[in-house]
Every structure is written in C-alpha cells, then in structure tokens.
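Encoded as structure tokens, the structure appears first; notes follow it.
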Amino acid sequence: MNSDIEEIKSRLNAADVIGEYIRLEKAGANYKAHCPFHNEKTPSFMVSAEKQIWHCFGCQKGGDIFAFVMEMEGLEFKEALKLLADKAGVPLRRFDAQAEGKKNRTLEILELATKFYETQLWQGAGKIKIINYLKERGLKEETIRQFRLGYAPLGWRNILQFLLNRGYSIEEIKKTGLLVEKQAAQISKSQIPNPKQIPNSNDQNTNLNTTNYQPQATSYYDRFRDRIIFPIADIMGKVVGFSARVAPGGDESQAKYVNTPESEVYHKSKVLYGADKAKGEIKSQDFVLLVEGNMDVIAAAQAGIKNTVAVSGTALTAEQVNIIKRYTNNLRMFFDMDKAGEEATKKSLKLCFERDLNVKVVELPEGKDAAELARSNPTLLKETVEKAADALEYFFQKVFLKENPKEVEGKKKIAAEILDMLSHVSSEIAKGHWLKKL
C-alpha cells in the first residue's frame, strides 16, 4: 500500500491537484490561496512546491494531497486513494483486480444506460411528452440536464438489446438491476422489439437495433418501461442505480416509482440522492436540507437551495448519517406527522440524536411539498428553511397538541413519547434541559 501511495505522489503535483478545487496564485517558489475550509479576507493557505504539502496558517489544517482531497470531498482515506490512483493512472496492488474489474464493468453499463435514457428523452420517444411534463413541473432545461434525467421508452427489450449490441453479456447486464427475469416459455419471439417501431437517437452509440439478437435474452425484459428516469449517483458522482417514475399518461395500475434493486454497487441505505452535487454546498453552508423525494431535491436546487439531499427509503440510516457527518453536523428536515410518515420521521430523529447531529425542523405550508413550493414561491421556500425550529422543541409541541395534558392518560402518553425520544439524545446537557421542561 505504501508503494502505491508513493507512486501516486510521484505522478501528481500537489499544486495541480489542489488547483482543480481552488484558485492558486504563485508566491515565490510556493502558491497561496484563500483557504477553502474557513472564511478569510487575506490568503493564508499555502502550497509548498518543494515539499508537496499544503498548510493553512489560519485554521491550522494541512497535509498532503490525500489529506486535501479527503477534506474537500468528505472522503475516507480508501476513497481518496482510489480517486487519486485513477487520476494518476496507478493500479492499486492490494485491490482484488478481478472484483474491481467486475465492479467497474457494472458501473460502465450503468453510465451507458444513463446516456441511453438521456438520449431517448432529448432526441427520441420522450422528446415532446416528457420534456413538456418536466417543464410543467417547473424544471428548466439546464436543471434537467444537470441531474441527467432521462426516459425509458415503451417496449420490453430496449435497454437490453442496446446493451447486448454493445457487447455486454446477459449476466453482466443482470447485475445492474436493469432487467427482470421471466420464464423463456412465457415470451414469444413476436415480442422482440422491432427497431422500426422504436425512435432511434442520432447518436450512433445509443441507436437501437436487433441484428445481434440473442435467443437467451427472451428470458429477460427491461425493468423500466415508459418511465421518467432519475439516475442515482454515489458520493463520487458515479451512477449506481435508478429511480423511475411512471410517465404522464402511462399505466396508472403500475407502481408510481420503481427503483433499482440492491446490487454490488447500489445499496439504498448507503446513498443519499443528490449528495454528489450537494456536498460542496453542504460544507459551505454548514448544513444539509433533507427532503422526501428526488423531485424535491431537484426543485430545491433550482430554487437556489443546493445543499439538499433525499433518502432512498422512508427513514435515514446509520450509513447515510455517516455521509452527512463528513460535511456537516447540522441537519434541517421536513417533519411528517401524518400516520404514514410519523414513525419513519421519529426513527430518523432518534438516529440523528444518537449521532449528535444538530437537527432543525422545517414546516411547510399545509398541502405543499418542497417541489411545489420551490416552483410556486422559491423565496418563501428559502425563508421557511431559514426559520427552521429546534427539532426536539417542535416534536414536543406536536406531542402536546396530539394528546390532552389535562387528562391522566394524556399525561402518560406525553411522558412516554417524550422520554422515549430523550433516551436517544446523546448530549446530557440537552437531555437535562428538556427533562426540566417536562
């Protein structure tokens, strides 16, 4: 491992690596800049060309290129090592080459699928219907492109045949979660898509044809059909899965959203939608806004609240909290007190308190979600986020409103709920403060 580190350092210049993140100015034999890790008027961040290290005389942070990338990107050492190894073109000796190769192959397929869906949105079947729908939802073209939204057209084997034509095997495509398996006997050859019936892209890399049709493919069909595609990326920005919404005018009997199943690269408990784009702003603003869905993230970002992420499931997980804590200890979230969302929200709050996150609650106007408010009144959304209330205080107010504190049973239920929540608060000072109020 040490030889890998030294090889990477020998190939990469510290000023070049750091200069990709911040603007450096020559200062004699060294470089200076405004520190990206704290606010300052006079540059106190220095990069030594000779020693290949950096140091800030303001906040006292410093180190080598690995320390800088870890601090800037919020990465663990292993992740920073992989990122810089790729940049330097250094194969990591201790990595399982075969396993890493298979993982990279899966990521390759997912990236290619993302481009396919993007092309189908802008140049294919989704050009009018889906783009108009997204614009009616208030999204600008640049926003749609930034978040790489796409469209999975009608048909049973569009993405399957496209990837087969590119030389990927059924087994490789299966691992991405893009396919659903079906008994071969249940599928007739007449169901094979006719290329004349499928809108082709002008991009040769995403054209559809069935000239290389493989008989064994009849056992599989596309998971996503006639759906708007939301690519899900890991913290490094690599596509690991998809969330797909039924298209307007589509089959309403189907689930509104269908997601990629768990795979070797996608684990929903370890991913926050939008975190790859939001991480810099989270660090800069020193708080993260947690919303419910993908459209909420996109709309909030377009409205100027770029430090917004969403969970892939109903409640936060320990792994997702770990990602948040790389960038900030402050979280603002929408509190859902209806029966469907109350338990998930409580679970999220308990986890945040256990991990000593400072949590505030954002209460939206009744009947509005973040995406709707971002579209109709982005200024009000920003003001609402700014006015977020302390989570424990907000929770206790809701409990008192739900139960009657003048009745014995009401008092018991109030005490039980509050004491249960406080048992998860790691700060003894905060716990004592609220116990006195109780």
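With numbering that gives the first Met the number 0 applied, the sequence shown covers 0 to 437.
Even glycine gets a Cβ: it sits at the ideal position worked out from N, Cα and C.
1. Measure the beta-carbon distance from glycine 176 to serine 262 and round it to whole angstroms, keeping in mind my assumption that it falls under 8 Å.
2. Thinking isoleucine 17 and leucine 23 are a contact (beta carbons under 8 Å), I'd like their distance in whole angstroms, please.
3. For a quick check, are the C-beta atoms of asparagine 357 and asparagine 321 less than 8 Å apart?
4. Is the distance from the Cβ of isoleucine 108 to the Cβ of tyrosine 167 below 8 Å?
5. Leaving out five residues on either side along the sequence, give the residues of the same chain with a beta carbon under 6 Å from the beta carbon of alanine 314.
6. Check the C-beta distance from threonine 441 over to valine 238 and give it rounded, since I have them as a contact under 8 Å.
7. Are leucine 162 and arginine 222 touching if we call contact CB-CB under 8 Å?
8. Quick check: what's the CA-CA separation for glutamate 406 versus glycine 273?
9. Near phenylalanine 76, which residues of its chain fall below 7 Å by C-beta distance, leaving aside the five closest residues on each side in sequence?
10. Going by CA-CA distance only, name the one from Ala387, Arg244, Asn258 that's closest to leucine 289.
11. Could you have a look at lysine 60 and say whether DSSP puts it in helix, strand or coil?
12. Going by alpha carbons, who is nearest to valine 245 out of Lys367, Gly149, Asn38?
13. Please state whether the Cβ-Cβ distance between alanine 48 and alanine 26 is less than 8 Å.
14. For alanine 302 and proline 377, which I take to be in contact (beta-carbon distance under 8 Å), what is that distance rounded to the nearest angstrom?
15. Taking DSSP as the reference, what is the three-state secondary structure of phenylalanine 76?
16. I'd like to confirm the pairing. Which residues does DSSP put opposite arginine 331 in its beta bridges?
17. At a Cβ threshold of 8 Å, is valine 68 touching chain C?
18. Between the alpha carbons of arginine 374 and asparagine 306, how many angstroms are there, rounded?
19. Buried or exposed: which applies to threonine 41, given that a residue is buried once 16 or more other Cβ atoms fall within 10 Å of its Cβ?
20. From tyrosine 132 to alanine 299, what distance separates their C-alpha atoms?
21. Give the secondary structure of methionine 235 by DSSP, where H, G and I count as helix, E and B as strand, and everything else as coil.
22. Tell me the DSSP secondary structure of arginine 222 in three-state form.
23. By DSSP, does leucine 271 sit in helix, in strand, or in coil?
24. Kindly list the residues whose CB is nearer than 6 Å to the CB of aspartate 233, restricted to its own chain and excluding five residues on each side of it in sequence; keep chain order.
25. Give, in chain order, every unbroken run of the beta strand (DSSP E) that is at least 3 residues long and sits entirely within the segment 0–55.
26. Kindly list the residues whose CB is nearer than 7 Å to the CB of aspartate 419, restricted to its own chain and excluding five residues on each side of it in sequence; keep chain order.
27. Expressed to the nearest angstrom, what Euclidean distance is found between the alpha-carbon atoms of leucine 439 and glutamate 365?
28. With burial defined as no fewer than 16 other Cβ atoms inside 10 Å of the residue's Cβ, what is the status of glutamate 170: buried or exposed?
29. What does a CB cutoff of less than 7 Å around glycine 409 pick up in its chain, not counting 5 residues either side in sequence?
30. Taking the straight line between their C-alpha atoms, what separation do you get for glutamine 59 and tryptophan 53?
31. With the cut-off set at 8 Å, would you say arginine 224 and leucine 153 are in Cβ contact?
32. Any idea if aspartate 295 is buried or exposed, counting beta-carbon neighbours within 10 angstroms, 16 or more meaning buried?
33. Residues in the same chain with beta-carbon distance under 8 Å from isoleucine 129, minus the five sequence neighbours each way, listed in chain order, please.
34. So who's on the other strand from glutamate 180, going by DSSP bridges?
35. When you compare only the Cα positions, how much space is there between tyrosine 326 and isoleucine 281?
36. Do isoleucine 7 and alanine 84 come within 8 Å of each other at the CB atom, strictly closer than that value?
Concretely, from the data shown:
1. The pair is a contact, with the Cβ atoms about 5 Å apart (cut-off 8 Å).
2. Yes, they are in contact, since the Cβ atoms of isoleucine 17 and leucine 23 sit about 7 Å apart, within 8 Å.
3. No, Cβ-Cβ distance for asparagine 357 and asparagine 321 is not below 8 Å.
4. yes
5. Ala343, Lys346, Ser347
6. With the chain represented from 0 up to 437, any question about residue 441 goes unanswered, as that position is not in the structure.
7. no
8. 46 Å
9. Apart from sequence neighbours up to five positions away, the residues of its chain that approach phenylalanine 76 with a beta-carbon distance below 7 Å are Phe65, Met69, ordered along the chain.
10. Of the candidates Ala387, Arg244, Asn258, the one whose C-alpha sits nearest the C-alpha of leucine 289 is Ala387.
11. Of the three classes helix, strand and coil, the one that applies to lysine 60 here is coil, per DSSP.
12. Gly149
13. Not closer than 8 Å, so no.
14. Confirmed, about 4 Å.
15. helix
16. Per DSSP, Leu288, Lys359.
17. Here there is only one protein chain, and chain C is not present.
18. 17 Å
19. So threonine 41 ends up on the exposed side.
20. 18 Å
21. coil
22. coil
23. strand
24. Val239
25. Within the segment 0–55, the complete beta strand (DSSP E) runs of at least 3 residues are 24–26, 29–32, 44–47, 52–55.
26. None.
27. Here the chain comprises residues numbered 0 to 437, so residue 439 is not present and cannot be evaluated.
28. By the neighbour-count rule (16 or more Cβ atoms within 10 Å), glutamate 170 is not buried but exposed.
29. Glu402, Asn403
30. 10 Å
31. Contact flag set, yes.
32. buried
33. Apart from sequence neighbours up to five positions away, the residues of its chain that approach isoleucine 129 with a beta-carbon distance below 8 Å are Leu120, Tyr150, Ile227, Ala246, Pro247, ordered along the chain.
34. Beta-bridge analysis with DSSP links glutamate 180 to Tyr219.
35. Cα to Cα, tyrosine 326 sits roughly 6 Å from isoleucine 281.
36. yes
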